[in-house]
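Residue numbers (the working numbering): 23 to 551.
Here it is, written out as structure tokens:
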């Protein structure tokens, strides 16, 4: 058998007592996970160590800080081997929880490796891990290994965590949502999905959570442990577990999930799927989720500056004598390439030419498969005559607490977040007049690089006399890759907001009934003419 990929892990326990006639307690010993075994003994003398085979032993709780470890007699020769067991006394409840989590992780690895042995024998305990193994395999099937490696490397770095922590709209909204809804957290078990630095776990503990399991797959888990241990008043109620939510085992169910799974356009990075998997694996029936729902908002926009900026990037390829080389054969390809990049920046809401519509994703009931293909029909009525250059998008999420319902929004005109807003620019603009209907479709298809391919179509329908007969005047389509955006955040605002125009006059983002699906009228832009 290959060496266990977890390596080796030690726990200091207060004492152990063997279940035998003498049964006296030992002095403090080290519990060591190694390969397919669990050993209890002193640091210096391993000869007297009590050893258990992880494939056929069980760990049972006798109390908050006391457990029982037992193993069955060998199936090969039961006449010459015997069952054995020890009671384990931990120094505190926190160390007991950590040990039980580690035991489940190590036992899982032994089960997975044992299933591929040449003799074909699978441990009888494998059945309890079937759902987890299936979820883990599903993650590997739908996400490229190279993408996952880069993703976890990125979020394993402190500078990126700092960037998110310093988004005070984001961090402050989570803090307020948790602390304003203490009744949802007091004496409850919480799972922090994709815990990162552990900041949300610490918020939950501040709100009075009974215990928080902070699940983090990247190396940031090690930093989270350090940060949490540096806050001793809270750390006794937080356990950091390194691993994917699709794979880890928890000793108990959660009353509430908390997470920050949102990416650009809400769905980028595909962490919403992990959030839903965590719901199905860990959340008690009718348990709460923070956030509870997410909404993607969309509206057509007009921005000549942006369109010209993108189109001009391809001018380089129109040179017919670049050091004696004709570059024009690649101009068309370059032109399409620049327009395949969604633009991420903060824009003035007055660039929008119609009230926004919304697509709702209810995290408490959505199925993982529903996020593989997201199809949103588009229908707007232009409030001005202009050229429409594409579709502007942003999102918000609701924390549906028992005491306070709080929204976190990334809308244009609202305080800027690290998500900014996103615009899909069409290579061929369409012309509209006031009152003219704009229809189309936003179709997003998930791909293995943890993102989406965006297919956008916008059409201007007939207007004026005879419009009731239908018909399309113009249609423009584009294909964009959400994984490869054009970050334009440093660009100056072309249209500064007047001092008498406040963001809340432009956007109403918190008036949608949370049970609706595709709302076209509740979240409107109040456009200044």
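Ideal Cβ placement from N, Cα and C applies to all residues, glycine included.
Predicted model, so just to flag it, every value in this text is computed and none were measured.
Distance between residue j and residue i (C-alpha atoms, nearest Å)
i           : j           : result
residue 453 : residue 403 : 13 Å
residue 18  : residue 296 : Summary: the structure shown does not reach residue 18, with the chain confined to residues 23 through 551, and so no result is reported for it.
residue 255 : residue 117 : 15 Å
residue 110 : residue 123 : 15 Å
residue 90  : residue 32  : 18 Å
residue 259 : residue 178 : 23 Å
residue 39  : residue 108 : 5 Å
residue 64  : residue 37  : 11 Å
residue 401 : residue 353 : 33 Å
residue 457 : residue 406 : 7 Å
residue 433 : residue 173 : 26 Å
residue 394 : residue 247 : 34 Å
residue 336 : residue 358 : 9 Å
residue 279 : residue 332 : 42 Å
residue 464 : residue 477 : 6 Å
residue 397 : residue 251 : 45 Å
residue 54  : residue 128 : 11 Å
residue 301 : residue 422 : 16 Å
residue 381 : residue 413 : 14 Å
residue 249 : residue 225 : 13 Å
residue 57  : residue 269 : 19 Å
residue 185 : residue 455 : 42 Å
residue 374 : residue 507 : 20 Å
residue 267 : residue 219 : 16 Å
residue 364 : residue 221 : 30 Å
residue 223 : residue 253 : 12 Å
residue 72  : residue 271 : 25 Å
Buried or exposed (CB count within 10 angstroms, at least 16 for buried), residue i
i           : result
residue 203 : buried
residue 310 : buried
residue 229 : buried
residue 163 : exposed
residue 50  : exposed
residue 10  : Nothing about residue 10 can be reported from this structure: the residues present for the chain run from 23 to 551 only.
residue 501 : exposed
residue 431 : buried
residue 105 : exposed
residue 383 : buried
residue 34  : exposed
residue 130 : buried
residue 330 : exposed
residue 188 : exposed
residue 379 : buried
residue 467 : exposed
Beta-carbon spacing of residue i, residue j below 8 Å
i           : j           : result
residue 214 : residue 198 : no
residue 319 : residue 415 : yes
residue 59  : residue 70  : no
residue 471 : residue 169 : yes
residue 410 : residue 480 : yes
residue 231 : residue 210 : yes
residue 176 : residue 182 : yes
residue 284 : residue 216 : no
residue 180 : residue 245 : yes
residue 449 : residue 385 : no
Anticipated Cβ contact below 8 Å, residue i with residue j, distance rounded
i           : j           : result
residue 442 : residue 347 : At roughly 38 Å, the Cβ-Cβ gap does not stay under 8 Å, so residue 442 and residue 347 are not in contact.
residue 119 : residue 273 : 7 Å
residue 322 : residue 376 : 5 Å
residue 298 : residue 388 : 6 Å
residue 234 : residue 275 : Residue 234 to residue 275, Cβ: 14 Å. No contact.
Close beta carbons around residue i, own chain, < 6 Å, minus the five adjacent residues each side
i           : result
residue 243 : 262 and 264
residue 83  : 89
residue 192 : 439
residue 509 : 366
residue 459 : 403 and 483
residue 473 : 290, 504 and 505
residue 195 : 430
residue 462 : 400, 479, 480 and 481
residue 498 : 448, 450, 452 and 480
residue 161 : 268
Cβ neighbours of residue i in the same chain (closer than 7 Å, five flanking residues each side left out)
i           : result
residue 420 : 313, 314, 315, 427, 429 and 536
residue 81  : 89, 91, 122 and 125
residue 342 : 348 and 350
residue 206 : 278, 310, 423 and 424
residue 287 : 318, 415, 417, 444 and 504
residue 469 : 475
residue 166 : 470 and 471
Close Cβ partners of residue i (< 8 Å) along its chain, the five nearest in sequence each way excluded
i           : result
residue 338 : 349 and 356
residue 114 : 87 and 258
residue 511 : 366, 367, 368 and 442
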